[in-house]
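Have a look at the structure below, then the notes.
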């Protein structure tokens with residue numbers, strides 16, 4: 001615990017020295033109050049936004065009072081504007097010309113869920129560009145903003161990258177509100193906090209920081225907020241921007257933040273005490289702190305029984321290892337340690353390699369690079385052409401290369417196994433890390449054999465142990481070893497044995513479940529009357 | 536940053552110190568030596584035959600295999616093993632690689648001469664590539680070269696034929712057993728046990744053995760077969776224990792697992808066959824009138840694999856009788872082997888080691904002249920056999936014929 005608080009304190013000290021809070025869009029106009037004359041307000045607005053065709057101004061009269069409403073075409077819902085503002089406004093009967101018409105409008109004519117009074121121009125731009133409607137009235141140095149947000153948005157659909165067999169089929173969309181609602185719908189607790197923030201000087205992207213008060217570690221929540229506030233960038237186009245700007249360590253291939261497009265995953269992370277960062281405009285929500293082992297936990301681990309999920313999780317860790325060392329073991333075994341291969345297999349490999357013109361490393365490199373190119377091409381190509389790539393790839397890699405004698409069939413097997421193993425990592429960010437390390441290890445294996453592989457793996461381990469995610473050691477339940485957190489590391493304990501939330505990440509409310517949760521057959525009750533019935 | 540420089544320097548500097556066996560060598564630059572055959576020439580040099588594998592002809596993959604011969608044998612001579620191996624490089628295009636050498640065949644001539652035989656062994660034990668678990672054989676009635684050049688039909692690689700064959704004989708018959716270079720050296724060094732080695736014969740038309748024609752017949756003209764155990768004393772071959780007598784040796788050495796024991800029943804020869812499935816031998820010693828006495832206790836259980844006579848196998852008494860007969864038969868086999876060893880004055884059973892372990896003081900006195908002492912040693916054999924099963928039939932059909 002002391003390590004964590006020390007880490008956080010050190011970070012905080014550093015932060016106080018920076019004067020990072022000076023983040024101002026140089027092009028943004030100085031904030032100024034709204035004027036009394038609505039005509040002047042309108043002309044000021046037009047001056048600011050130029051001739052932007054999507055900013056609509058509609059003048060109106062209510063009783064004897066003149067005014068104008070402003071909204072952005074496409075962001076505001078036209079039906080809301082017409083039915084709940086304009087219609088009520090026009091049909092309203094003003095009882096007395098002397099009443100406060102501003103208050104009257106707020107009270108009687110805005111048939112909307114959320115109505116606010118705003119007083120300066122920054123607020124005007126914020127609300128208008130978020131899809132709200134702003135109403136200026138003659139003679140008032142304030143304006144009414146009514147919520148009319150309603151732009152075209154993608155419906156909640158099935159997740160496209162993180163699939164599950166038994167899990168829920170909904171996924172986040174690009175709309176912040178939809179995403180927070182998907183989470184809120186799963187945690188109906190008043191302790192679920194949704195703190196709003198805007199990041200990006202120009203883009204003013206909405207961000208929601210979600211956590212469960214009482215479960216999340218307040219220090220981490222504070223740290224997250226502080227790191228987010230520190231961000232001084234023109235725009236945020238996706239959660240990847242945020243991730244890279246709040247990481248503990250940039251010089252690593254391993255992801256130290258977790259992202260998911262599945263609300264069930266984010267919800268369970270929240271319940272473990274993690275903090276979620278929902279970013280508007282992207283279906284990927286970031287959760288922190290993220291630990292190494294977390295990237296091998298798939299949602300299905302929790303939906304299927306513990307024995308099965310434990311086995312499958314082991315398989316995933318094994319396949320990660322294969323993805324990392326597969327080709328390098330092949331290189332090392334065939335060029336340094338031929339004695340390690342069983343005799344018949346050594347001869348079989350030797351016979352296949354007999355006519356291959358390249359040394360093992362070059363052969364492996366050709367195949368690996370070809371495969372990476374194919375994968376990248378398959379990812380980028382328009383869907384209609386995509387199939388062509390797989391056909392060409394299968395032919396080139398699988399058959400033609402072997403028949404031409406450029407590569408040995410064993411190499412094809414090694415590359416295929418490595419590639420398939422790589423796909424079984426549930427989170428892409430971790431899978432891609434393995435891809436990079438693989439090439440480094442291949443080089444080491446060529447120069448030093450198994451010694452080189454071990455050297456590389458040792459470096460990798462040392463590096464992994466040195467990583468931190470929001471002050472939490474990255475290899476957490478393994479190094480430093482923590483017996484309590486083993487319940488969801490390599491082995492997924494049954495739920496009745498998974499009593500605690502992960503230490504350090506969660507603070508305060510550590511208990512997950514009550515005692516005696518283990519199910520069993522009905523208890524034998526000694527009821528003589530029942531016995532009698534049976535007889 | 537400074538730390539990293541130090542770490543990288545440290546690793547870089549440790550590279551030259553840690554040189555063990557990591558000179559890089561591509562698979563295609565290696566010649567896998569599968570077997571070595573060592574003969575004695577008239578010039579007092581070792582005549583070494585290197586059986587190299589021709590990988591392309593062994594595996595049947597897409598690249599097509601099996602057209603040519605799976606092995607090629609190169610010969611070379613030298614005063615020592617290393618010299619012979621280095622001389623061979625003049626003839627072989629690739630680097631000779633010994634890590635997959637499975638069999639070393641030594642001719643009887645070489646094995647009978649103490650210094651020549653012993654001079655070979657250190658090179659096998661010292662070379663880091665060479666495995667001390669390599670099978671070592673004595674060529675019997677043929678030169679080592681002939682054994683090494685013979686082609687085999689079922690296993691493409693003759694060495695895998697030899698190693699597999701010895702293992703299956705050990706498991707199913709119990710006349711030969713796997714003996715490695717390690718075992719041999721242990722036996723030569725220790726004074727309480729003398730080593731034995733498997734003999735190997737080339738049966739049939741020797742001149743056809745190394746030709747591809749040999750593989751095109753269902754009954755090959757020449758084939759390899761294990762035959763007898765070579766007995767070594769003072770580091771040289773002195774005599775052979777023939778196949779029939781060698782089973783007793785395996786019983787005593789606790790190597791026999793399964794075999795077949797043919798029994799006589801009520802005057803009918805070859806009436807019953809008992810097949811042990813597991814067996815355990817314990818050798819112990821006691822002092823009797825100041826002299827060590829060896830007690831051999833063999834316990835085995837098995838099943839009745841044949842009953843060629845009318846016999847009532849339902850009766851437990853019959854089973855008891857069969858067990859008794861088996862015990863007698865095994866006891867006889869062991870006694871024959873012990874007698875044979877005594878005749879050679881050569882303790883191949885390791886009785887000396889047993890005495891050494893149980894009575895070190897006495898051993899000190901006996902150690903020097905143990906083999907002579909062994910010739911007059913009292914050896915008691917006790918066998919306990921258990922017939923557990925009769926296969927899938929109880930009474931044989933013979934019981935019904937005579938009714």
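Chains as they are written, first to last, in my numbering: chain A, 1 to 535; chain B, 536 to 938. The beta carbon of each residue, even a glycine, is placed where N, CA and C say it ideally should be.
Among the CB atoms of chain A, none fall inside 8 Å of the CB of residue 544/B. If you ignore the 5 residues before and after residue 888/B, its C-beta comes within less than 8 Å of the C-beta of 725, 727 and 728, all in its own chain and listed in chain order.
The alpha helix (DSSP H) runs lying completely inside the stretch 45-125 of chain A and spanning 4 residues or more are 88-91 and 101-104, given in chain order.
Counting only the Cα atoms, residue 199/A lies some 11 Å from residue 225/A. In this structure residue 220/A is in contact with residue 275/A, their Cβ atoms being roughly 6 Å apart against a cut-off of 8 Å.
Its chain contains 708, 808, 809, 810 and 840 as the residues whose beta carbon lies nearer than 8 Å to that of residue 795/B, once the 5 sequence neighbours on both sides are disregarded; these appear in chain order. Chain-ordered, the chain A residues with CB closer than 9 Å to the CB of residue 590/B read 346, 347, 348, 349, 350, 351, 352, 353 and 354.
Identification of chain B residues near residue 455/A by a Cβ-Cβ cut-off of 9 Å yields 546, ordered along the chain. The alpha carbon of residue 890/B has as its nearest neighbour, out of 870/B, 866/B and 821/B, the alpha carbon of 821/B. Cβ atoms of residue 781/B and residue 759/B stay farther apart than 8 Å, at about 17 Å. The beta carbon of residue 338/A sits closer than 8 Å to some beta carbon of chain B. Around the beta-carbon of residue 191/A, fewer than 16 other beta-carbon atoms lie within 10 Å, marking it exposed.
Comparing C-alpha distances from residue 148/A to each of 142/A, 161/A and 110/A shows the shortest one belongs to 110/A. Between residue 223/A and residue 471/A, the beta carbon gap of about 7 Å places them in contact (Cβ cut-off 8 Å). Nearest in C-alpha terms to residue 69/A, of all of 50/A, 52/A and 45/A, is 45/A.
Exclusion of the five residues before and after residue 73/A leaves 54 and 56 as the residues of its chain whose Cβ lies within less than 6 Å of its Cβ. For the stretch 356-390 of chain A, the beta-carbon criterion of a distance under 9 Å to any beta-carbon of chain B is satisfied by 356, 359 and 360.
Interface criterion met: the Cβ of residue 632/B is under 8 Å from a Cβ in chain A. CA-CA distance, residue 464/A to residue 558/B, rounds to 31 Å.
For residue 135/A, the uninterrupted beta strand (DSSP E) segment begins and ends at 133-137.
When C-beta atoms of the stretch 334-354 of chain A are compared with those of the stretch 420-439 of chain A, fewer than three pairs fall below 8 Å, so the two segments do not count as touching. With contact defined as three or more Cβ pairs closer than 8 Å, the stretch 575-582 of chain B and the stretch 351-367 of chain A are not in contact. Residues of chain B whose Cβ lies closer than 7 Å to the Cβ of residue 343/A are, in chain order, 635 and 637. Residues of chain A whose Cβ lies closer than 8 Å to the Cβ of residue 925/B do not exist, since the nearest Cβ in that chain is about 39 Å away.
Within 8 Å of the CB of residue 334/A, the CB atoms of chain B belong to 561 and 562, in sequence order along the chain. Residue 401/A and residue 320/A have their C-alpha atoms roughly 27 Å apart. Using a Cβ-Cβ cut-off of 8 Å, residue 567/B counts as an interface residue toward chain A, since at least one Cβ of chain A sits closer than that to its own. Classified as exposed, residue 797/B has fewer than 16 neighbouring CB atoms from the shown chains inside 10 Å of its CB. Residue 259/A and residue 284/A do touch by the CB rule: their CB atoms are close to 5 Å apart, below 8 Å. Around the Cβ of residue 458/A, a 10 Å sphere holds fewer than 16 other Cβ atoms; the residue is exposed.
Under a criterion of Cβ atoms nearer than 7 Å, the residues of chain A adjacent to residue 664/B are, in order, 339. Per DSSP, reduced to three states, the secondary structure at residue 648/B is coil, with no helix or strand assignment. Taking the beta carbon of residue 593/B as reference, the chain A residues within 7 Å of it are 347 and 351, listed in sequence order.
Relative to residue 667/B, the option among 675/B, 639/B and 676/B whose CA is nearest is 639/B. The beta carbon of residue 215/A sits closer than 6 Å to those of 273, 506 and 509, all from its chain and outside the five residues before and after it, given in chain order.
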